[in-house]
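Heads up: the structure comes next, in C-alpha cells.
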Amino acid sequence: MSDSAAGLDDLRDLYQEVVMDRGRHPRHGARPARFDVSARGDNPMCGDRVEVFVAFDPQGAIETVGFEARGCAISIASADLMADTVTGRAPADARALFAAFREMVKTGHCPACDRAGDAAALERLQPLAGVHEYPSRVKCATLAWHALDAALDQAAEGKGVTR
Amino acid sequence: MNAETGRPTPDLDLDRIRADFPILAQEVRGKKLVFLDSAASAQKPRAVIDAMVTAMETQYANVHRGLHWMSERTTEAYEATRDKIAVLMNAASREEIVFTHNSTEALNLVAHSYGRGVLRPGQAVVISDMEHHSNIVPWQMLRDAHGIELRVAPITDAGELDMAAFEALFADGRVGLVAITHMSNVLGTLTPAERIVAIAHAHGAKVLFDGSQAIVHRAIDVQALGCDFYAWTGHKLYGPTGIGVLWARRELLEEMPPFLGGGDMISSVTYAKTSWAAVPHKFEAGTPAILEGIGLGAAIDYVQAIGYPAIAAHEAALVEHALARLSAVPGLTIFGRAQQRGGVVSFAMAGAHAHDVATLLDRQGIAVRAGHHCAEPLMRRLGVDSTARASFGLYTTRDEIDALAAGLEKVRSFFA
Ligand SMILES: Cc1ncc(COP(=O)(O)O)c(C=O)c1O
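Read top to bottom, the protein sequences are chains V and C.
The number in our numbering is simply the position in the first sequence, starting from 1, with 67 added.
The number in our numbering is simply the position in the second sequence, starting from 1, with 5 added.
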C-alpha cells in the first residue's frame with residue numbers, strides 16, 4: 068500500500084481484504100451454462116442490480132450458484148460469498164443462513180453464529196459484518212440474498228427452466 | 006472578480022459565515038465534518054433555527070383563520086416571507102408567489118393544473134436530458150392521463166443543452182410548454198434561460214424553470230428571464246424542509262384550475278358549488294407549513310445580507326479550484342464541462358463504484374452523495390449507473406475541497 072493510503076486502516080473494518088478481493092475478482096460472477104431458476108434483485112436507491120442463477124442436484128439441494136451483477140464492491144463480494152456458502156445446502160437451510168446473515172449485517176450481532184451447521188458458513192460471511200455501521204449499505208450486502216430467496220421461491224412453486 | 010460587472014467582489018468572511026451554521030462544528034466518525042452535499046439539502050444558519058424556535062415559543066397559531074392576536078401575528082410573519090420571495094425573484098406582485106411543500110409539489114402543481122386545465126391533448130411538453138425525476142415523472146403522468154406528447158431535448162458531451170436540437174423540437178408548432186432545469190443537480194450546468202425563453206415564446210410555448218439548484222447559486226429575476234413559471238425548494242436555500250415556491254405570471258394563475266381542494270383555497274362553499282379564493286390562495290389548500298415559511302423568510306434575509314454577487318463569486322472560485330484539484334486525481338472522470346455552471350461537481354473513479362467511494366470518503370468525515378441523483382435518464386446518457394457528487398454551499402472552503410482531493414487519493418490507493 069502506498070503512503071497516501073496510510074491512515075486508512077480504519078476503513079478496513081468494512082473493506083476487508085476478502086471484500087476487496089471478492090469484489091474485484093468474484094469466483095462465481097458469471098451466468099452458468101446450466102441453471103434451473105434465476106431471479107433479479109434491484110436496488111432502486113443506487114441502481115445496483117444482480118441476477119442470481121441456481122441449479123439443483125437430483126436431491127433438490129443447491130448444486131451451483133452463479134450471478135451477474137453491476138454494483139459496488141460490497142454487493143459483489145456479498146453475492147460471491149453467498150454463492151460459496153449456500154452451495155450444497157437444501158433451500159430451507161440456505162434461507163436459514165440468509166436470516167442469520169441478515170441479522171448479522173443489520174445489527175452486528177450474530178446469535179446464530181454458534182448454531183450447528185451454520186457456524187462455519189457464518190464465519191466465512193463475517194467479513195461483511197462491518198456493514199452494520201453503515202445502514203445505507205446494508206441493502207448492498209443483502210441484495211444478492213434477496214434475489215436468491217426469490218429464485219428459491221420460484222423453484223418451490225415449480226417454476227423455472229426445464230432441462 | 007464579479008463575472009458580470011468585472012468589479013472585484015468582497016470576499017465572504019468565511020469564518021464568520023461558518024460560525025453561523027452550528028452543525029459545521031460537528032465531528033463525524035471522529036473526524037471534522039466536511040460537508041459537500043449541500044445540493045441535496047443545505048445546512049441551516051442560526052438565524053433560521055432561531056426564527057422557527059422563537060415563533061414556536063412566542064408567536065404561534067394557525068394562519069389566515071383566527072381573529073385573535075396570535076393568529077394575526079403569525080399570519081403577518083408567514084406572509085412576510087411571501088413578500089421577501091417576491092423581492093428575491095423580482096416578481097411583479099406578491100400574488101404571484103404560491104407556497105408549496107417543495108419543488109416536486111410545485112412542478113406537479115403546474116403539470117396537473119396548467120397541464121390538464123390549459124394544455125390540450127396533442128400538444129407537447131419539452132424537457133431536457135438532464136432533468137431531476139421530479140421534472141420528468143409529472144410530465145409522464147400528464148402524457149398518460151391527458152394525451153400530451155413528451156419531447157426530450159438532448160445535451161452535448163460537455164453537458165450543455167444542444168440548442169440547435171432544442172429549437173428543432175418546436176418546428177411543428179405543437180409545443181405548449183417547456184419544463185426544464187435552470188441548473189443541473191448532476192452536471193452543475195446552468196442552462197441559457199433567456200435563449201430558452203426566446204425560442205419557446207417565438208413558437209408560442211410557455212416556459213417553466215426547475216430552479217431548485219439555480220436559485221442557490223444565482224440571483225433570479227423572473228421578469229428579466231421572461232419565463233412563465235419558476236419552481237424551487239426552501240431546504241436547498243438554507244431554509245427548512247417542507248416549504249417550496251412556485252412563481253407564475255398572474256394571468257396564468259388566474260387561468261389555471263386549483264390543484265388540491267380543501268380549506269384556505271375557497272371563497273365560499275355550498276354543496277352545489279364552491280368558488281375559489283383569489284390567487285395565490287386558490288393553490289394553497291389546507292394549513293400551510295407555517296413555521297417553515299417563517300424559517301424560509303429568515304433564510305432569504307440571510308442570503309440577501311451576504312448577497313448573490315459574493316455567493317456566486319465564491320462558488321465560481323470553489324468550482325474552479327475543485328475542477329483543478331479533482332482533474333489531478335488519476336483515474337477520476339469528471340462529468341460535465343459546461344461553460345456556465347454552479348457549485349456541483351460529479352465524478353467517477355476508475356475501478357471503484359461510486360458507493361464505495363462515498364463510504365470511504367465518509368469514513369474520513371467527508372460527506373458526498375453517490376447514486377443516480379434522481380436523474381436515471383441522465384445517467385444513461387452519461388453511460389454510467391451512478392456517480393459521486395460533491396456540491397458546495399456558501400460556507401464551503403477551499404480547504405474542504407483539498408480534503409476531498411486528498412480523500413480521493415486515499416480511496417484510489419485503497420482500490421489500486
Ligand atoms: C434539479 C432539482 N429539481 C428538483 C428537486 C426536488 O426537490 P424537492 O425534493 O425539494 O422537491 C431537486 C432536489 O432534489 C433538484 O436538484
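Here a beta-carbon is modelled for each residue, glycine too, at the ideal position from N, C-alpha and C.
Computed from a predicted model, the values in this text were never measured in an experiment.
If you check the beta carbons only, do residue i and residue j fall under 7 angstroms apart?
i	j	result
Ala128 of chain V	Asp103 of chain V	no
Gly120 of chain C	Met261 of chain C	no
Gly347 of chain C	Gly193 of chain C	yes
Gly388 of chain C	Lys89 of chain C	no
Pro143 of chain C	Leu112 of chain C	yes
Val33 of chain C	Gly370 of chain C	yes
Glu130 of chain V	Arg98 of chain V	no
Gly298 of chain C	Ile248 of chain C	yes
Asn190 of chain C	Ala44 of chain C	yes
Glu106 of chain V	Val119 of chain V	This sequence places Ala at residue 106 of chain V; Glu is not what is there. Result yes, Cβ atoms of Ala106 of chain V and Val119 of chain V sit closer than 7 angstroms.
Tyr83 of chain C	Ile305 of chain C	no
Gln128 of chain C	Gly181 of chain C	yes
Ala318 of chain C	Val350 of chain C	no
Met270 of chain C	Glu289 of chain C	yes
Leu251 of chain C	Thr86 of chain C	no
Ala342 of chain C	Ala163 of chain C	The sequence given here has Arg at residue 342 of chain C, not Ala. For Arg342 of chain C and Ala163 of chain C, yes; Cβs fall inside 7 angstroms.
Pro202 of chain V	Gln83 of chain V	no
Ala161 of chain V	Val172 of chain V	no
In whole angstroms, what separates the C-alpha of residue i from that of residue j?
i	j	result
Val58 of chain C	Pro50 of chain C	13 angstroms
Ala223 of chain V	Arg204 of chain V	30 angstroms
Cys177 of chain V	Ala52 of chain C	46 angstroms
Asp226 of chain C	Met354 of chain C	38 angstroms
Leu213 of chain C	Thr392 of chain C	27 angstroms
Asp147 of chain V	Trp212 of chain V	10 angstroms
Leu413 of chain C	Ala96 of chain C	43 angstroms
Pro13 of chain C	Gly138 of chain V	Reliability of the predicted coordinates at Pro13 of chain C is poor, the pLDDT of 49 falling under 50, and the value obtained from them is presented with this limitation in mind. In a straight line, the C-alpha of Pro13 of chain C is about 46 angstroms away from that of Gly138 of chain V.
Leu219 of chain V	Val131 of chain C	45 angstroms
Met422 of chain C	Gly184 of chain V	Nothing about residue 422 of chain C can be read from this structure; chain C reaches only from 6 to 421.
Glu136 of chain C	Leu365 of chain C	28 angstroms
Ser108 of chain C	Ile185 of chain C	13 angstroms
Ala363 of chain C	Pro335 of chain C	17 angstroms
Ser332 of chain C	Ala395 of chain C	14 angstroms
Met68 of chain V	Ser418 of chain C	In this prediction, Met68 of chain V scores a pLDDT of 39, lower than 50, which makes its location untrustworthy; the coordinate-derived value is nonetheless stated afterwards. So the two alpha carbons sit approximately 7 angstroms from each other.
Gly96 of chain V	Ala421 of chain C	21 angstroms
Leu230 of chain C	Ser46 of chain C	25 angstroms
Gly197 of chain V	Ala144 of chain V	13 angstroms
Thr279 of chain C	Arg179 of chain C	34 angstroms
Ile204 of chain C	Cys379 of chain C	28 angstroms
Glu165 of chain C	Cys207 of chain V	33 angstroms
Glu190 of chain V	Ala375 of chain C	30 angstroms
Phe168 of chain V	Gln221 of chain V	22 angstroms
For the beta strand (DSSP E) containing residue i, name the first residue and the last one.
i	result
Ser418 of chain C	Not the beta strand (DSSP E): Ser418 of chain C falls in the alpha helix (DSSP H), residues Arg403 to Phe420.
Glu84 of chain C	Glu84 of chain C -> not in any beta strand (DSSP E); alpha helix (DSSP H) instead, spanning Trp74 to Met94.
Ile141 of chain C	Here Ile141 of chain C belongs to no beta strand (DSSP E), and DSSP marks it neither H nor E.
Gly376 of chain C	Arg374 to Gly376
Arg94 of chain V	Taken as a continuous stretch (DSSP letters only), Arg94 of chain V belongs to no beta strand (DSSP E), as it is neither H nor E.
Glu118 of chain V	Asp115 to Phe123
Ala106 of chain V	Val104 to Asn110
Thr105 of chain C	Ile102 to Thr105
Ala2 of chain C	A query on residue 2 of chain C cannot be resolved here, the shown segment of chain C reaching from 6 to 421 and no further.
Leu337 of chain C	Leu337 to Phe340
Ala47 of chain C	Ala47 of chain C -> no beta strand (DSSP E), and no H or E assigned at all.
Val172 of chain V	Where Val172 of chain V is concerned, there is no enclosing beta strand (DSSP E), although the alpha helix (DSSP H) it sits in stretches over Pro158 to Thr174.
Ser351 of chain C	Val349 to Met354
Sort the options by Cα distance to residue i and report the nearest one.
i	options	result
Asp367 of chain C	C:Leu19, C:Leu41, C:Ala24 and C:Arg21	C:Leu41
Asp233 of chain C	C:Leu17, C:His206, C:Ala329 and C:His151	C:His206
Asp404 of chain C	C:Pro197, C:Leu323, C:Asp134 and C:Ala290	C:Leu323
His358 of chain C	C:His378, C:Asp390, C:Ala329 and C:Met94	C:Asp390
Gly291 of chain C	C:Leu195, C:Glu77, C:Gly356 and C:Pro263	C:Pro263
His377 of chain C	C:Tyr400, C:Thr401 and C:Phe352	C:Phe352
Thr63 of chain C	C:His69, C:Arg78 and C:His73	C:Arg78
Between which two residues does the alpha helix (DSSP H) carrying residue i extend?
i	result
Asp167 of chain C	Unbroken run through Asp167 of chain C: none, as it is neither H nor E.
Arg137 of chain V	Run containing Arg137 of chain V: none in the alpha helix (DSSP H); it sits in the beta strand (DSSP E), Ile129 to Arg137.
Thr392 of chain C	Segment Thr392 to Ser396 is the beta strand (DSSP E) holding Thr392 of chain C; no alpha helix (DSSP H) there.
Ile132 of chain C	Element bounds for Ile132 of chain C: not the alpha helix (DSSP H) but the beta strand (DSSP E), Ala129 to Ser133.
Leu19 of chain C	Leu19 to Asp25
Ile316 of chain C	Tyr313 to Ser332
Ala218 of chain V	Val205 to Ala223
Asn113 of chain C	Ser108 to Leu114
Pro382 of chain C	Glu381 to Leu387
- Message: Report the start-end ranges of each alpha helix (DSSP H) in the region 170-254 of chain C that is 4 residues or longer and not cut off at the edges.
- Response: With a minimum length of 4 residues, the continuous alpha helix (DSSP H) runs that stay inside the region 170-254 of chain C are 198-207, 219-222 and 227-230.
- Query: Which runs of the beta strand (DSSP E) spanning at least 3 residues fall entirely within the region 250-308 of chain C, listed in chain order?
  - Reply: For the region 250-308 of chain C, the full-length beta strand (DSSP E) segments reaching 3 residues or more read 271-274 and 279-281 along the chain.
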